Each structure stands twice: as C-alpha cells, then as structure tokens.
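Numbering-wise (the numbering used here), the sequence shown opens with residue 58 and increments by one.
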Amino acid sequence: MMAGRKRKVQDLAVATAAHTESGLPLRRNQTEPNCGASPAKLKSQPLLCESVQSLEPERSHYFNNNEPQRRLGQDFFNQPCISLAKAFLGKVLVRRRADGSELRGRIVETEAYLGGEDKASHSAGGKRTERNTAMFMKPGTIYVYPIYGIYLCMNVSSEGEGAAVLLRSLEPLQGQPAMRELRAARRKEGAWQLKDKELCNGPSKLCQALNIPRCFDRRDLASDTEVWLEDDQNTSPPKPQDIVSAPRVGIESHGEWAKKPWRFYLRGHPCVSVVNKEAERRSLSGKETV
Numbered sequence: 058m059m060a061g062r063k064r065k066v067q068d069l070a071v072a073t074a075a076h077t078e079s080g081l082p083l084r085r086n087q088t089e090p091n092c093g094a095s096p097a098k099l100k101s102q103p104l105l106c107e108s109v110q111s112l113e114p115e116r117s118h119y120f121n122n123n124e125p126q127r128r129l130g131q132d133f134f135n136q137p138c139i140s141l142a143k144a145f146l147g148k149v150l151v152r153r154r155a156d157g158s159e160l161r162g163r164i165v166e167t168e169a170y171l172g173g174e175d176k177a178s179h180s181a182g183g184k185r186t187e188r189n190t191a192m193f194m195k196p197g198t199i200y201v202y203p204i205y206g207i208y209l210c211m212n213v214s215s216e217g218e219g220a221a222v223l224l225r226s227l228e229p230l231q232g233q234p235a236m237r238e239l240r241a242a243r244r245k246e247g248a249w250q251l252k253d254k255e256l257c258n259g260p261s262k263l264c265q266a267l268n269i270p271r272c273f274d275r276r277d278l279a280s281d282t283e284v285w286l287e288d289d290q291n292t293s294p295p296k297p298q299d300i301v302s303a304p305r306v307g308i309e310s311h312g313e314w315a316k317k318p319w320r321f322y323l324r325g326h327p328c329v330s331v332v333n334k335e336a337e338r339r340s341l342s343g344k345e346t347v
C-alpha cells in the first residue's frame, strides 16, 4: 500500500512539473476550471472547459454494464428538426462533472431552426462557417455558441442540412445546490437566492447551471461521457395536447420567420421561460398548424 502511495505522489510530482514547464499556473481543484475565479471574471467570459482531468476519474453510473441502458442513441436524434424539438420534451439532460457528480434536468422547452430555408437560423441560405459547423454535422452533434460575448446556448443538430434544436429550459431534477452555486458565480453579489424553477429557465441559464462549456461544441450527444440524454423513468412522455407551439423568442427582426410556431413547451410547466397565452388558446382550439 505504501508503494502505491509513493507511485501516486511521484505521478503527481511529474504532472506538476510538466504543468509548470508549460507556463500555465497550477491551481487548486484543477478539474473545475471555474473554481477560484472571481465572480467578476466569470461574468466576463463564457464557461470554460474542464480540460484537466483527475488522475483516476470516476465513471458515471451509466457506463456500468450492470445499469439499465437509458441513454438515447443515434437513432433518436436522426429525425426531422421539428419532430426532434418535440421529442426532446420530457427527456432528461445529464451533465457529468469532473468529480463524478451528475446534474440532471428535464427538458421542458425547445426551439427548432430548420437550416438553409429558415431565415432566422445561423445556417440560413446554407451558409457554413467555422462557428456553425456543428449544425451541418451528424444528428446529435452539440452546437454551443456565445451570445452577447459572455453567455452560451446549447443546440443539438437534427436530420436536415444545417438544422438544429435549441434547448431553452430545463426542470432541475438532481444537483440543485451545485446548479445554484454555478448560477450565483455569474450573478451580482448580494442578489436574491434563486428558486429551483429559476435555475434553468432560459437557454443561457441552462448552460450556466449545468456548466456546459464552449468546448462542448461539435461533441456527439449520443456517445459523449460528460453529457448525454436519457429517457425519464419517472414520468410518462407528454401527450400532443400537453405541448404548446408558439413563435420563437428573440428573432423579431426576421419578419415572417419570427412568426413560425417552432418553439415548443410543456403546457403549464413553471420552468418554461416565456409563456404565450394566445398560442396556448390556439393549440387548445385545434387551430395551430406547424
């Protein structure tokens, strides 16, 4: 046992020396890059990658062969954009952190962006850039992009050239204390304590609360070991009448495309970011078309 401890100490010394030679400062709790940074610094930049792993990282319970296979695979993501946006509702997004802990949230709101034909999409006109490359990759590819220079949004590519679904809101299920700390690090000092329903009720809040970093861009949600999607074992899938179709948010400058009812959310759920009463009335009357 003593020999084992000596080997670990030697390994740690080697790792420390290598890190010092690289010119990078060695920080406490290296596996969580945001730890130790001031709130002001966190507010000024997007989330960072958990790039330096522990010497002996724990594996998620999902990857234990004795556990039920709840993870959603490639076949789930390989469907048309609008269909996928609806199918996401009720699914559970899981974020495994560097210390082995897991954060979970049920998806309650999404938006569909249909690719080249969709004037409000980042891939409008079929234009492919360094930023939006993930939208043109296989279904299930994560597309993370910054907004206002300091916030991030998480999308998932679907079937269709340049099509992707924006994840807008989650219902926190597991790890709320950690989510609250992650959100607090990017809020003003002395701000009120967030309620559970306020932790993930918006696309940027979602990324903050689950610590979704910029480097998750272009990863495969069907196979990644740090973030994945599961069926919810505790609730039944939403029925069509439970899903509201409403115009997307924040794209008013795109004319008729801003009116397309391609935002989908669970009716009456407290974690939905923006409730649209008119759209809810139309969907109940059966007049809504998508």
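All residues carry an ideal CB built from backbone N, CA and C; glycine is no exception.
Predicted model, so just to flag it, every value in this text is computed and none were measured.
Beta-carbon separation (whole angstroms), Y200 vs V213, contact threshold 8 Å: 7 Å
Through-space distance from P137 to Q298, alpha-carbon basis: 20 Å
N-terminal and C-terminal residue of the beta strand (DSSP E) that I164 is part of: E159 to Y170
Same chain, Cβ closer than 7 Å to L146, neighbours up to 5 away in sequence not counted: I164, V165, T167, P295, I300, F321 and L323
Euclidean distance between Cα positions of S261 and E283: 19 Å
Status (buried if at least 16 other CB within 10 Å, exposed otherwise) for R188: exposed
C-alpha gap between N135 and G197, whole angstroms: 7 Å
Identity of the residue in A221, A142, M236 and L227 nearest E159 by Cα: M236
Beta-carbon proximity check, L141 vs L224, cutoff 8 Å: no
Assigned secondary structure, E246 (DSSP; H/G/I helix, E/B strand, else coil): coil
Three-pair Cβ contact test at 8 Å for the segment 300–319 versus the segment 328–341: yes
Straight-line gap, G325 to E337 (C-alpha atoms, nearest Å): 10 Å
Presumed contact (8 Å Cβ cut-off) between A266 and L239, rounded CB distance: 6 Å
Option nearest P318 by Cα separation, candidates G259, S310 and S340: S340
Where the beta strand (DSSP E) containing F145 begins and where it ends: Segment C138 to F145 is the alpha helix (DSSP H) holding F145; no beta strand (DSSP E) there.
G219 versus F193 - alpha carbon distance: 5 Å
Nearest residue (CA-CA) to R185, options G173, I204 and C257: G173
Minimum C-alpha distance to K176 - residue among C328, S215, A241 and E313: E313
Own chain residues within Cβ distance below 7 Å of A191, not counting five before or after: T198, I199, Y200, S214, D274 and R275
Best match in E287, P327 and R271 for proximity to I207 [C-alpha to C-alpha]: R271
Buried or exposed (CB count within 10 angstroms, at least 16 for buried), P327: exposed
L223, DSSP secondary structure in three states: strand
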